[in-house]
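Participant: This is the structure I have questions about; it appears just below.
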Amino acid sequence: MSELAPPHSLTCHHCGVVYRRPELDVGEWATCIRCGSTLETYAVFSAAAWLAVLIATIISFTLANAFPVATLYVQGAGQAASFIDAVVVTWQVGYPEVAAITFAAGFFLPACQLCLLIWIFGALAFGRLPVFFDTAILWVDRLKPWCMVPVFLMGVMVAVVKLAGLASLTPGIGLFATATTAILITALTRLSSGKIRSMAHDIGLAAKPASVPKPPSPALITRTWALMLGAAILYIPANMLPIMKVTSLGSESAHTILGGVIELWHMGSWDIALVVFIASVVVPLFKLLALAMLVFMTQHRTGRNLRERTHLYVVVEFIGQWSMLDVFVVILLSALGHFGSLLSIEPGGGAAAFGGVVILTMLAAMGFDPRLAWRLAGHRRHLTRADFESSH
Ligand SMILES: [Zn+2]
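Numbering that gives the first Met the number 0 puts the first residue of the sequence shown at 0, with every later residue one more than the last.
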C-alpha cells in the first residue's frame, strides 16, 4: 500500500517535496520553493465550463475527421483526403506501423482522452464524483503527451506548402475544424490529475487524497539508457533512408528528411523549412543529448544545477511530440498525391524509423523521473534550510 498524503497536501512532481495545499486567490499560483516548478494555479474555469469546452472539442474533432483537410487538383482531376484517408492509404501501400502510430496519435488516443474527460466532467459538473475517479484521472495524465492533434495541424500546413508548387490545392472544412480542435485540445492540456482532484475537493466532493508518489527507483536509469540507445540507433536509418518517394510522370525521386528541408528552402518557403528542420532534426538530437546529460548527472549523484536541470527536463518533456511533424506530413502527402502515373507519393522506410525515434525518446523522457536527480543528490520530501536559501 502506498502512503496516503494528508487531505490538503500537494506533491511537487519534479523534486518530490510535499506541501500543504495553499489557498489561492484570483490570478495567483503556487510554485515549489526547491525547484521552482508551478504546483497549482488558481482555477478560473468551473467544472461546468470545462464540460462546455469538452463538448465543443468533441464536435470540432468529429468534423475534423469527417471532412477532408484539403483537395489536390492535378490536370483537372481532384483528390480529397481526410486524416483517416491518409492513415488508410499509408496502411495499403505497405507501412502498417506508420499507419498505426499516426492513427493512435492523431485519432485514437485523443478520442480516448476526450471520452475520459467527458466521463469525469460530466459527473463533476453536476456535483457528483464519477465512478473510477482515481483511475480515470491517472489516465488523463498518461494519455496527454500522446494526443498530437496540434502537431497534425502543423503537418497539414507543411503539406500544403510542399504541394502548392506541384499542383493547385484547396483547403477543406476538415482543415478549419482541425485548427479549432488543436486550439481546444491545447486548452485541455491544462487539466492534470492533480488539478482535477483539487477541483473535486473544492466543490465539496469526497475525493480520496492523492497518495504520496513512491520514491523513484534508481533502476529507472538503466531503462532510460536502454530506450535512448534504441532511439539513437534508429536515428541513423531515420535520416539515411528516404522518408517518402515521389513518382511524377515516370521519374522517381526519393526524399530524406534533410533533402525535404533543402527542397522547401529552394522553393522559397524558408520559414516552413526552418520549422521542419527544427522539429525533425534539432528537436530529436537536442532531446537525446539533454536526456543523456540529465541521466548521467543523476547517475553520478551530483547536486550541481538541480533547478536548471529540472527546467531542462520540463522542456524535453514538452517538445517531445513535435518531432512527429514530418511523419504526419508524409502520410498526408501520400493520401493527397494519388494520381496514377501523373503523380504518386508514397512513404519510405525512413518514416517508420523516424516514428520509432519519436516514440522511444518520448518513452525515455517520460520514464525518467526528475525527482530521482534530487533524491540521489540527498534531497528528500521535506524542505531544508538550504532549499529556502537557494531559492533567493
Ligand atoms: Zn519542486
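Glycine included, C-beta positions come from ideal geometry on N, C-alpha and C.
#1: If you run the structure through DSSP and keep just helix, strand and coil, what is M296?
#2: CB P214 to CB R374, shorter than 8 Å?
#3: Could you tell me the distance, in whole angstroms, from the CA atom of V275 to the CA atom of V52?
#4: For T403, does the three-state DSSP call read helix, strand or coil?
#5: Per DSSP, what kind of secondary structure is E388 in: helix, strand or coil?
#6: Can at least three beta-carbon pairs, one atom from the region 134-153 and one from the region 24-33, be found at a separation below 8 Å?
#7: Got a sec? Which residues, its chain only, sit under 7 Å from G302 by beta carbon, not counting five neighbours each side?
#8: Once the 5 residues before and after T40 are set aside, which same chain residues still bring their CB inside 6 Å of it?
#9: Distance, Cα to Cα, R127 vs C114?
#10: In three-state terms, what does DSSP make of H254?
#11: Is the beta carbon of R20 within less than 7 Å of some heavy atom of ligand 1?
#12: Terminal residues of the continuous alpha helix (DSSP H) containing R189?
#13: Throw me the rounded Cβ distance for the A85 and S340 pair, which I believe falls under 8 Å.
#14: Residues around ligand 1, please: the condition is that the C-beta lies closer than 6 Å to some non-hydrogen atom of it.
#15: Could you compute how far the alpha carbon of F107 sits from the alpha carbon of F387?
#16: What whole-angstrom Cβ distance do P129 and W118 have, given they're in contact under 8 Å?
#17: I think C14 touches L38, with their Cβ atoms under 8 Å apart; what is that distance to the nearest whole Å?
#18: Return the CA-CA distance between T223 and L168, expressed in angstroms with no decimal places.
#19: Return helix, strand or coil for F276, following the three-state DSSP convention.
#20: Let me check understanding here. Comparing Cα to Cα, which of A205, V148, A218 lies closest to T297?
#21: Here's a check: name, in chain order, each residue in its chain whose Cβ is nearer than 6 Å to the Cβ of V260, leaving out the five neighbours to either side.
#22: Is V328 close to chain C, meaning its C-beta is less than 8 Å from at least one C-beta of that chain?
#23: Just grab the DSSP bridge partners of P170 for me.
#24: Spatial neighbours of L382 within its chain, please: C-beta separation below 7 Å, excluding the five flanking residues on both sides.
#25: Count the other CB atoms, across all protein chains shown, that sit within 10 Å of the CB of P95; report buried if there are 16 or more and exposed otherwise.
#26: Give, in chain order, every unbroken run of the alpha helix (DSSP H) that is at least 4 residues long and sits entirely within the region 31-66.
#27: Relative to the C-alpha of T179, which residue among A364, S59, I358 is closest?
#28: CB-CB under 7 Å to M198, same chain, minus the five flanking residues each way: which ones, in chain order?
#29: To which residues of the same chain is S36 closer than 8 Å at the C-beta, ignoring the five residues directly before and after it?
#30: Closest to A99 by CA distance: which of F327, L174, R370 is it?
#31: Strictly by DSSP, which residues pair up with V245?
#32: Suppose you measure from the CA of S8 to the CA of P208; what does that come to, to the nearest Å?
#33: Name the DSSP beta bridge partners of H337, please?
Facilitator: Let's see:
#1: For the purposes of this step, residue 296 is taken as residue 297 along the sequence shown, with counting starting at 1. Looking at M296 - three-state DSSP - the assignment turns out to be helix.
#2: Within the sequence shown, numbered from 1, the residue matching residue 214 stands at position 215. Within the sequence shown, numbered from 1, the residue matching residue 374 stands at position 375. The answer is yes: Cβ separation under 8 Å.
#3: Reading the sequence shown from its first residue, position 276 is the one you call residue 275. Reading the sequence shown from its first residue, position 53 is the one you call residue 52. Taking the straight line from one Cα to the other gives about 31 Å.
#4: Nothing can be reported for residue 403: it is not among the residues displayed for the chain, which extend from 0 to 391.
#5: Here residue 388 is taken as the residue at index 389 of the sequence shown, counted from 1. E388: helix per DSSP, three-state reduction.
#6: Touching, no.
#7: For the purposes of this step, residue 302 is taken as the residue at position 303 of the sequence shown. Cβ within range, chain order: A376, G377.
#8: Position 41 of the sequence shown, counted from the first residue, corresponds to residue 40. Hits under 6 Å: W28.
#9: As a first step, residue 127 must be located in the sequence shown, where it is residue number 128. As a first step, residue 114 must be located in the sequence shown, where it is residue number 115. Straight through space, the alpha carbons of C114 and R127 are spaced by roughly 17 Å.
#10: Residue numbering aside, residue 254 sits at position 255 when the sequence shown is read from its first letter. In the structure shown, H254 sits in a strand (DSSP, three-state: E or B).
#11: Taking the sequence shown and counting its residues from 1, one reaches residue 20 at position 21. R20: no, Cβ never under 7 Å from ligand 1.
#12: Looking up residue 189 in the sequence shown gives position 190. Counting along the chain, R189 falls outside any alpha helix (DSSP H), and DSSP gives it neither H nor E.
#13: Taking the first residue of the sequence shown as 1, we reach residue 85 at position 86. Taking the first residue of the sequence shown as 1, we reach residue 340 at position 341. About 21 Å separates the two Cβ atoms, so there is no contact after all.
#14: Those satisfying the condition are, in chain order, C11, H13, C14, V16, C31, R33, C34, S36.
#15: Counting from one through the sequence shown, the residue named residue 107 turns up at place 108. Counting from one through the sequence shown, the residue named residue 387 turns up at place 388. Here the alpha carbon of F107 sits roughly 45 Å from the alpha carbon of F387.
#16: On the sequence shown, position 130 is the one that residue 129 refers to. On the sequence shown, position 119 is the one that residue 118 refers to. Rounded to whole angstroms, the Cβ separation of P129 and W118 is 6 Å, and the two are in contact under 8 Å.
#17: As a working note, residue 14 is residue 15 in the sequence shown. As a working note, residue 38 is residue 39 in the sequence shown. Actually they are not in contact, since the Cβ atoms of C14 and L38 sit about 11 Å apart, beyond 8 Å.
#18: Residue 223 sits at position 224 when you count from the first residue of the sequence shown. Residue 168 sits at position 169 when you count from the first residue of the sequence shown. Taking the straight line from one Cα to the other gives about 43 Å.
#19: For the purposes of this step, residue 276 is taken as residue 277 along the sequence shown, with counting starting at 1. It is helical.
#20: For this step, residue 297 is matched to residue 298 along the sequence shown. Of all alpha-carbon atoms in A205, V148, A218, the one lying nearest the alpha-carbon of T297 is that of A218.
#21: Here residue 260 is taken as the residue at index 261 of the sequence shown, counted from 1. Hits under 6 Å: A272, V275, F276.
#22: As a matter of chain content, chain C is missing from the structure shown, which is built from one protein chain.
#23: Mapped onto the sequence shown, residue 170 falls at position 171. Beta-bridge pairing links P170 to A69.
#24: Taking the sequence shown and counting its residues from 1, the one referred to as residue 382 is at position 383. Excluding residues within five positions, the ones whose Cβ falls inside 7 Å are V16, I32, R33.
#25: Along the sequence shown, read from residue 1 onward, the residue named residue 95 stands at position 96. P95 is exposed by the Cβ-count criterion.
#26: Every alpha helix (DSSP H) stretch that sits fully inside the region 31-66 and reaches 4 residues is listed by chain position as 46-65.
#27: Your numbering for residue 179 matches position 180 in the sequence shown. Measuring from the Cα of T179, the nearest candidate turns out to be S59.
#28: Position 199 of the sequence shown holds residue 198. Listed in chain order, the non-local C-beta contacts of M198 below 7 Å within the same chain comprise A42, A46, L123, local neighbours out to five positions each way being set aside.
#29: Within the sequence shown, the letter at position 37 stands for residue 36. Contacts found: C11, H12, H13, C14, T30, T309, V313.
#30: Taking the sequence shown and counting its residues from 1, one reaches residue 99 at position 100. Ranking F327, L174, R370 by Cα distance to A99 puts F327 first.
#31: The sequence position of residue 245 within the sequence shown is 246, counting from 1. In the DSSP assignment, V245 forms a beta bridge with S252, I344.
#32: Here residue 8 is taken as the residue at index 9 of the sequence shown, counted from 1. Here residue 208 is taken as the residue at index 209 of the sequence shown, counted from 1. Looking at the backbone, the Cα of S8 and that of P208 are separated by about 8 Å.
#33: Numbered from 1 along the sequence shown, position 338 holds the residue referred to as residue 337. The partner list for H337 (beta bridge, DSSP) reads S343.
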